[in-house]
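Here's the structure, in structure tokens; my notes come after.
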Amino acid sequence: MSRIEVMKTYKLFINGAFVRSESGRSYEIKNSKGKFLANPAQASRKDLR
């Protein structure tokens, strides 16, 4: 049986804690060759309050 690869979304590190972004949005980071590296959370002004 084959496994489905799940892309992990990394949380934000704010005030000493890992938290989810207020909007729940994320974006892809790729290396110079176009290979997927990570899905970090996209912060907004609300997240920094």
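Last residue of the sequence shown: 55 (this note's numbering), numbering continuous.
Backbone N, C-alpha and C define an ideal beta-carbon position, used for all residues, glycine too.
For the pair residue 17 and residue 26, the CB atoms are nearer than the 8 Å cut-off. Across the structure, residue 40 and residue 34 are spaced so that their CA atoms are roughly 11 Å apart.
Taking the CA atoms as reference points, residue 15 sits about 13 Å from residue 29. Taking the C-beta atoms as reference points, residue 43 is found nearer than 8 Å to residue 36. Residue 23 is bridged by DSSP to 20.
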